[in-house]
Structure formats: structure tokens, C-alpha cells
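Enquirer:
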DNA sequence: GCGCAAAAGTTGACCAAGTCAACCATTTAT
DNA sequence: ATAAATGGTTGACTTGGTCAACTTTTGCGC
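Chains as they are written, first to last, in the working numbering: chain R, 418 to 592; chain L, 418 to 592.
Listed below in C-alpha cells is the structure:
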């Protein structure tokens with residue numbers, strides 16, 4: 418039986434408060450951009466799935482798998498990954514469409530499945546967002562010397578592994 | 418000049434995504450309670466400031482300091498600490514009042530300064546929230562052996578220090 | 001004392017984020 | 001053929017949170 422986990426829990430609470438504040442600061446940059454945090458995530462998710470063979474079962478899925486048609490994520494994929502309401506997704510995607518960031522074409526095999534892809538503008542918008550975020554992170558760690566930077570890198574990776582080694586019910590693969 | 422910080426930035430982004438998800442999971446517990454995250458924070462902040470000598474200048478402040486009257490935080494203190502809109506605070510406090518979690522009495526020295534304090538019910542409510550949160554954290558780290566737990570504790574503290582050693586503009590004391 | 005600026009708080013209007021339930025179109029299964 | 005599931009859309013609604021205007025109290029210069 419584990420001993421005094423209360424120390425760890427306390428440290429976790431403390432870190433939580435700290436990191437929540439930090440995330441808040443970092444998010445401000447995004448907030449000041451034209452897009453919401455969620456919208457940024459959707460954009461990111463769209464870019465992260467450049468191609469994706471239709472996974473639906475049956476003949477259509479079979480054809481999709483064999484001939485590798487119907488690439489790209491659909492709204493439902495994004496909704497699933499980000500745990501968002503379909504209605505919400507619809508609105509976000511409409512906004513993106515209106516802004517010319519994405520294109521939606523009907524899937525060849527399933528016409529009611531709208532396959533999404535980023536346009537040039539979409540990629541550019543995402544790149545701008547990521548640049549801004551990276552700049553923030555760089556600034557945040559500017560005060561560290563090389564050794565500390567390396568240590569922090571190690572620490573972050575290690576913390577992630579320790580924390581995701583938790584009970585299976587809590588585990589969610591990310592990155 | 419610092420070398421390839423891009424590795425660190427990448428690790429940070431990764432950790433950010435991971436931890437955001439984790440926080441989301443942990444927050445769910447609170448979300449399912451009767452209170453908002455923000456409300457919980459306000460409650461916490463109220464408890465964290467059991468007494469606090471009025472810091473306003475002038476005769477009133479002087480008397481407050483000498484005779485230690487007018488204890489407890491006011492709405493503005495909470496608003497300042499948590500960076501919340503006064504209007505928002507008002508509504509939250511009214512909700513708390515209605516639920517019998519807090520009492521507000523006019524400050525002896527400044528009658529328009531409403532001095533707040535948790536009632537028994539308020540303390541109980543906070544305790545319940547914290548218990549739930551602690552249970553989540555305990556469950557989250559249940560899979561770790563003692564050695565790993567100790568390591569994680571160290572790591573969290575160290576990470577906090579490394580990250581808050583950033584440029585002064587980013588620094589915000591917490592805990 | 002008077003007048004005025006600042007602080008503390010309240011109110012009402014408002015907005016954006018997010019949820020819910022109903023609904024249509026398409027597709028798969030029986 | 002028909003039922004059921006999937007993918008998506010719409011409209012109404014709730015909620016978290018902001019903004020601006022206003023009141024009251026206090027502090028300060030005169």
C-alpha cells in the first residue's frame with residue numbers, strides 16, 4: 418500500500434494552480450487573435466490529419482481502404498477527437514468556410530460525409546497561430562540557461578509519462 | 418545566445434496539450450458539482466484569507482492596523498486576486514449568500530466595504546470540493562509506486578520553479 | 001465645512017461559448 | 001422494403017462572463 422501520497426497530491430494541486438495560470442497567460446495570445454482556443458484546436462486537428470482512410474465498415478469502407486479515396490477528416494472525426502458537440506463543430510466549420518480556411522467536399526463513397534481539408538489560407542492561419550504560440554513559449558523560457566532548458570525538457574517528458582501511466586480509465590493517448 | 422530551444426518549445430507544446438486534457442478531466446469532477454470552477458476558486462480564496470488587516474491608507478487603515486478590526490477579504494480583494502470582473506464577483510457572492518455559504522457584514526471603518534467570511538456551511542462546501550479534487554488526484558497517481566511518486570513530486574516543484582523563473586513580466590506569485 | 005476624485009459595489013444590457021432536442025439526408029443492415 | 005444507424009444541420013436556449021452606467025461611501029485638497 419502506498420505511503421503518504423498526500424505530499425504528492427498537495428504538490429499536484431499546487432502545480433495545477435500554477436500551470437492553470439500559466440496556460441491562461443499563454444492563451445491570452447490566442448484570445449487576442451481572430452480565433453478561439455477551441456477554434457485553434459480544430460484548425461490544428463484539421464492540419465494534423467492530412468489524410469485518413471475512411472474507417473467506416475462495409476463496402477464503402479472497403480473501397481475506401483483499397484483505393485484510398487475519401488481522404489481527410491470529417492466533422493465527426495474532429496468532434497470525436499476534441500469531444501465537442503456536433504452542432505458546435507458545424508458552426509465553427511461554417512465560420513472557417515466563410516473565412517476561406519477550409520474546403521468541404523462530399524466524400525466520394527458517402528455523399529453525406531463532408532471531407533474537410535485546409536486551404537492555403539487555412540494553413541497560413543494555423544502557421545501564424547503556431548508561430549505566436551511558439552514565440553510565447555520561447556519568451557517564457559528565455560530566462561533559462563541551456564542546462565536548465567535541457568532539464569526542463571526532460572522533466573516535462575518524464576512528468577507526462579508518469580501522469581499518463583495512471584489507471585486505464587484516465588489514459589488518453591495524445592501526441 | 419541560447420542554442421536550440423526549439424526542442425524545449427516542442428516539449429512544452431506537447432506537455433501543454435497533455436496537461437490541458439488532464440485538467441479537463443480533473444475539472445469534470447468540479448463541473449458535476451454545484452459550483453463552477455471559478456466559483457470554487459472564489460470559495461477557496463475566501464477560505465485562504467481567514468484574516469487580513471485592512472490595507473487602505475489613512476486614518477481608517479491606521480485604526481484597522483492598530484486595533485485589527487475589519488478582518489477578512491472584501492469582494493475587491495477576491496476580484497483583484499483572481500482577476501475577475503467586479504460585476505461577476507457580485508453575482509457569485511450573491512449566489513453564495515443565497516446558499517448560505519458566506520456572510521457579508523459592513524466593515525466597521527468603511528461601511529461600503531463588505532467584509533466577507535465563510536459560514537460553517539461554506540467551509541463544509543469547500544471541504545467537500547477539496548475532498549473530491551484530492552480523491553481525483555489520488556486516483557490519478559494510484560498507479561505509481563512510492564519511488565515514482567517521490568520523483569513526480571520533485572519534478573513538479575522543479576518544473577514550477579524553472580517556469581516561474583521567467584521574465585518578470587510573466588511572473589505571478591502563487592502558492 | 002465644500003467639492004471632487006477615487007474606491008467599492010450594484011444593476012441591467014449585452015455577447016459569445018456551448019448545450020439540447022428536433023430534424024433531414026444518406027447509408028447500412030435485416 | 002423498411003428499420004436503424006450515421007453524419008450533419010438548424011433553432012431555441014442556458015450559461016459564463018463583459019461592459020458601461022450609476023450609487024454610495026470614503027479620502028483629500030482647500
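Cβ atoms here follow ideal geometry from the backbone N, Cα and C, with glycine treated the same way.
Bear in mind that the values here come from a model prediction, so they are computed numbers and not experimental data.
(1) Sorted by chain position, which residues of the same chain lie with C-beta nearer than 8 Å to residue 456 of chain R's C-beta, five sequence neighbours on each side aside?
(2) By how many angstroms is the C-alpha of residue 532 of chain L removed from the C-alpha of residue 497 of chain L?
(3) Can you list, in chain order, the stretches of the alpha helix (DSSP H) that have 4 or more residues and sit fully within the stretch 481-552 of chain L?
(4) If contacts are defined as beta-carbon pairs under 8 Å, then residue 499 of chain R and residue 462 of chain R qualify, I think. What distance do you get, rounded to the angstrom?
(5) Does the beta carbon of residue 574 of chain L sit closer than 8 Å to a beta carbon anywhere in chain R?
(6) Assuming residue 581 of chain R is part of the alpha helix (DSSP H), what are its boundary residues?
(7) Give the residues of chain R in contact with residue 551 of chain L, contact being defined as C-beta atoms less than 7 Å apart.
(8) So is residue 489 of chain R buried or exposed if we call it buried at 16+ other beta carbons inside 10 Å?
(9) Taking just the CA atoms, how far does residue 439 of chain L sit from residue 579 of chain R?
(10) Less than 8 Å between the C-beta atoms of residue 452 of chain L and residue 546 of chain L, yes or no?
(11) Any chance the CB of residue 450 of chain R is under 7 Å from a heavy atom of the ligand PLP?
(12) Between which two residues does the alpha helix (DSSP H) carrying residue 560 of chain L extend?
(13) Are residue 572 of chain R and residue 519 of chain L touching if we call contact CB-CB under 8 Å?
(14) Could you give the first and the last residue of the continuous alpha helix (DSSP H) run that contains residue 424 of chain R?
(15) Excluding the 5 residues preceding and the 5 following residue 530 of chain R in the sequence, name in chain order all residues of the same chain whose CB lies nearer than 6 Å to its CB.
(16) Please tell me whether residue 513 of chain L has its Cβ less than 8 Å away from any Cβ of chain R.
(17) For a quick check, are the C-beta atoms of residue 464 of chain L and residue 535 of chain L less than 8 Å apart?
(18) If you measure from the beta carbon of residue 465 of chain L to each beta carbon in chain R, is any gap under 8 Å?
Expert: Judging by the given coordinates:
(1) If you ignore the 5 residues before and after residue 456 of chain R, its C-beta comes within less than 8 Å of the C-beta of 509, 512, 513, all in its own chain and listed in chain order.
(2) Taken atom to atom, the span from the alpha-carbon of residue 497 of chain L to that of residue 532 of chain L is near 15 Å.
(3) Within the stretch 481-552 of chain L, complete alpha helix (DSSP H) segments of at least 4 residues are found at 492-499, 503-515, given in chain order.
(4) Taking C-beta atoms under 8 Å as the contact rule, residue 499 of chain R and residue 462 of chain R qualify, at a distance of about 6 Å.
(5) Yes - at least one Cβ of chain R is within 8 Å of the one on residue 574 of chain L.
(6) Unbroken alpha helix (DSSP H) run through residue 581 of chain R: 563-581.
(7) Here the neighbours are 426.
(8) So residue 489 of chain R counts as buried.
(9) It is roughly 13 Å from the alpha-carbon of residue 579 of chain R to the alpha-carbon of residue 439 of chain L.
(10) Yes, they are a contact pair.
(11) Only the bare structure without any ligand can be found here, which leaves the ligand PLP out of the picture.
(12) Residue 560 of chain L -> no alpha helix (DSSP H), and no H or E assigned at all.
(13) The answer is no: Cβ separation not under 8 Å.
(14) Segment 423-448, the alpha helix (DSSP H) holding residue 424 of chain R.
(15) Excluding residues within five positions, the ones whose Cβ falls inside 6 Å are 491, 524.
(16) Taking Cβ atoms only, chain R never reaches closer than 8 Å to residue 513 of chain L, which makes this a no.
(17) Remark: C-beta atoms of residue 464 of chain L and residue 535 of chain L approach each other more closely than 8 Å.
(18) Taking 8 Å as the threshold, the shortest C-beta distance from residue 465 of chain L to chain R does not fall below it.
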